[in-house]
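The listed protein sequences derive, respectively, from chains A and B. If you're matching positions, the first sequence starts at 0 in the working numbering and goes up one per residue. If you're matching positions, the second sequence starts at 2 in the working numbering and goes up one per residue. Virtual Cβ for every residue (Gly too), placed ideally from N, Cα, C. If you're wondering where the values come from, they're calculated on a predicted model, not measured in any experiment. Notes for the one structure printed next.
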Amino acid sequence: MTTETMVLNILEDITGAENLAAELNTDLFDEGILDSLASVQLLVELENQCGVAVPISEFDRSEWGTPQQIIDQVTQLQN
Amino acid sequence: MVSWLNSFPYLTPYEKPFYFILIALFFIPSIIYSLKGKRLTGYQAFLTLFFLWISFAGPNKTQGLALIGYLIWQVVVSKLYFNYRQQANQSGWFYLSVLLSIVPMFLIKLLPIFTQQAPLVNHGQPLFYFLGYSYLTFKSVQVIMETRDGQIKELKIKDYVNFLVFFPTISAGPIDRFRRFTTNYYQHPDHDTYVKLLGKGINYIFLGILYKFIIGYLLGSLLLPVIQNEALNGSMLFLGSLGYMYVYSFYLFFDFAGYSLFAVGVSYLLGYETPMNFNKPFIAQNIKDFWNRWHMSLSFWFRDYVYMRLMFTLIKKKVFKSRIVASNIGYFALFLIMGVWHGLTWYYIAYGLFHATAICVNDAWLRYKKKHKGQLPSNHWTKALAIFITFNTVCFSLLIFSGFFDLVIKQFFTI
């Protein structure tokens with residue numbers, strides 16, 4: 000599975016949102032799809048499923064706000 | 002010289018118009034340099050010392066000494082932890098460092114309870130007290146947490162002290178972030194950016210004067226005592242209390258938002274983009290939205306350094322089966338700490354518990370809405386209703402916060 004599908008699956012699982020692949024540049028916080036709790040769940044799942052540990056103080060909403068940004072950050076951390 | 006020293010104007014930050022005149026005069030060289038896109042570092046260090054002297058010397062000398070003691074303590078704790086963290090990363094040392102960093106605040110808050118009527122050394126204030134101690138504690142704890150996360154890669158004593166004693170925000174925030182602040186210190190905004198900051202900064206300061214010295218004064222010093230008297234001594238307890246609730250809420254907003262505008266505006270003049278503290282809180286559509294708009298630098302601090310960290314541990318270690326239960330417990334922990342932080346008084350704690358309850362109810366409603374998507378009406382009217390309910394809930398919480406009920410109880414239930 001590519002990082003992109005993995006991240007999108009995690010996001011859809013946590014938030015109940017559908018077909019995020021079509022909305023890669025939507026601001027998840029502005030839309031009320033992600034909140035503090037969901038972002039923590041996201042970080043826990045990223046660690047479990049993708050093996051990337053993201054410290055909470057790294058999680059800046061302006062850099063982790065859209066599905067695309069999250070995919071990019073995870074890809075970067077994997078390398 | 003001696004007589005000049007005797008008439009030296011000791012002032013708490015933004016207390017009187019004269020403080021602003023001093024800012025206007027003393028900032029000129031710094032502003033001229035900043036317009037060239039450069040920071041006049043040495044002169045700004047002088048400004049820091051000068052303005053700290055105004056607020057923490059003379060009659061407030063004991064506070065000044067407490068501040069110096071506090072800085073030494075925090076430098077030692079954070080440096081020791083930083084050096085340790087470069088070698089290892091055990092949780093025990095991290096928790097110990099956080100604890101040591103909070104110790105001064107605990108002492109300041111707890112000592113008066115244990116020493117009750119004992120002579121208070123610091124002009125009627127507890128030992129170790131200085132203006133702004135709790136805001137500095139938020140900054141100190143933040144540095145330790147980000148050191149643990151490996152986000153702070155270099156911790157120079159000069160940068161750290163500079164961050165803590167940044168005088169525009171020393172007395173009551175906004176609570177800045179170390180990495181953001183230090184970036185500003187080393188990279189002064191270029192000419193064009195600074196021109197915009199300067200314009201905005203001056204604008205904020207004048208808006209702050211309107212908020213704090215005019216509207217805040219009218220509401221808090223003129224109107225509020227009249228209404229309080231009417232509610233407690235007159236015959237209109239219910240209507241009077243209701244009036245008190247709204248007037249106090251607006252007073253609190255204009256007073257604190259006004260102060261925050263000064264702090265942000267003055268930071269801008271120095272080339273620092275201190276974050277804003279308020280964003281039209283009374284048009285929030287739910288309690289969560291409210292906390293994203295009210296005293297933002299504090300609520301974001303609690304979100305990032307208390308709630309999210311606690312949730313991370315609870316969810317990762319699967320302490321609770323249900324994430325909803327975990328989340329609600331997280332909210333109660335957060336708002337209880339926030340309440341206690343305001344002071345060890347029953348109504349601050351009640352205020353915290355009230356907000357924790359409100360946000361849990363809010364979350365339950367959001368979950369219900371998500372489940373019944375498309376089945377519930379959503380239009381201008383429901384939006385207006387949401388704002389109305391949120392506004393009144395918030396105002397009621399601020400009425401608890403104001404200590405009004407304490408007065409009511411004392412007025413009607415004591416001998």
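Answer yes or no: do residue i and residue j have a C-beta to C-beta separation smaller than 8 Å?
i	j	result
B:Phe19	B:Leu12	yes
B:Tyr130	B:Ile109	yes
B:Arg86	B:Arg149	yes
B:Leu299	B:Ile171	no
A:Leu19	A:Leu7	yes
B:Ile316	A:Val43	yes
B:Ser328	A:Leu36	yes
B:Leu238	B:Val166	no
B:Ala58	B:Gly174	no
A:Ile13	A:Gln48	no
B:Arg32	B:Leu199	With the sequence shown as reference, residue 32 of chain B is identified as Ile, and Arg is not the correct amino acid for it. Yes, they are a contact pair.
B:Leu377	B:Ile114	no
A:Thr65	A:Thr25	yes
Between residue i and residue j, what straight-line distance do the alpha-carbon atoms span, to the nearest angstrom?
i	j	result
B:Ser398	B:Asn278	19 Å
B:Ile410	B:Met297	32 Å
B:Leu354	B:Ile153	34 Å
B:Arg310	B:Gly38	39 Å
A:Ser61	A:Glu11	20 Å
A:Leu76	A:Val51	7 Å
B:Tyr96	B:Ser102	10 Å
A:Ile69	A:Pro54	14 Å
B:Thr63	B:Gly70	11 Å
B:Met142	B:Met312	Going by the sequence as given, residue 142 of chain B is Val instead of Met. Rounded to whole angstroms, B:Val142 to B:Met312 spans 18 Å at the Cα level.
B:Val77	B:Lys374	54 Å
B:Ala351	A:Ala16	36 Å
B:Phe414	B:Tyr332	33 Å
B:Trp74	B:Leu50	19 Å
B:Ala232	B:Ser242	6 Å
B:Asn123	A:Asn78	For B:Asn123, the predicted model reports a pLDDT of 49, less than 50, meaning its position is unreliable and no value from the coordinates is stated.
Among the options, whose alpha-carbon lies nearest the alpha-carbon of residue i?
i	options	result
B:Tyr245	B:Leu50, B:Glu16, B:Leu400, B:Val77	B:Leu400
B:Tyr247	B:Ser403, B:Val104, B:Ile176, B:Gly375	B:Ser403
B:Tyr306	B:Asn185, B:Trp342, B:Phe139	B:Phe139
B:Ser222	B:Ile210, B:Tyr15, B:Tyr249	B:Tyr249
B:Ala357	B:Leu335, B:Ser261, B:Ile203, B:Trp342	B:Leu335
B:Leu105	B:Ser135, B:Arg368, B:Asp193, B:Phe255	Note on identity: in this sequence residue 105 of chain B is Pro, with Leu being the wrong assignment. Among B:Ser135, B:Arg368, B:Asp193, B:Phe255, the Cα nearest to that of B:Pro105 belongs to B:Ser135.
B:Lys197	B:Ile388, B:Lys17, B:Leu36	B:Leu36
B:Val395	B:Phe251, B:Asp193, B:Gly133, B:Gly151	B:Phe251
B:Gly340	B:Phe9, B:Tyr349, B:Gly43	B:Tyr349
B:Gln126	B:Pro60, B:Ser79, B:Tyr161, B:Phe83	B:Pro60
B:Ile216	B:Ile22, B:Phe254, B:Phe115	B:Phe254
B:Ile360	B:Pro378, B:Ser56, B:Trp292	B:Trp292
A:Val73	A:Gly64, A:Thr65, A:Leu45, A:Asp59	A:Leu45
B:Glu451	B:Ser79, B:Leu41, B:Leu345	Residue 451 of chain B lies beyond the range of chain B shown here (2 to 416); nothing can be said about it.
B:Thr42	B:Pro10, B:Leu23, B:Ala89, B:Asp160	B:Asp160
A:Glu57	B:Lys370, B:Ser242, B:Arg180	B:Arg180
B:Phe182	B:Leu240, B:Asn163, B:Pro14	B:Asn163
B:Arg304	A:Ser38, A:Glu22, A:Trp63, A:Asn78	A:Ser38
B:Gly266	B:Lys213, B:Phe301, B:Pro169	B:Pro169
contact_flag[the segment 278 to 295 of chain B, the segment 373 to 393 of chain B] where n(CB pairs < 8 Å) is 3 or more: Yes, since at least three Cβ pairs between the segment 278 to 295 of chain B and the segment 373 to 393 of chain B fall closer than 8 Å, the two stretches touch.
Meets three-Cβ-pair contact criterion under 8 Å: the segment 182 to 200 of chain B and the segment 264 to 280 of chain B: Yes, the segment 182 to 200 of chain B is in contact with the segment 264 to 280 of chain B.
Cβ pair count under 8 Å reaching 3, the segment 256 to 267 of chain B against the segment 200 to 217 of chain B: Output reads yes: the segment 200 to 217 of chain B touches the segment 256 to 267 of chain B.
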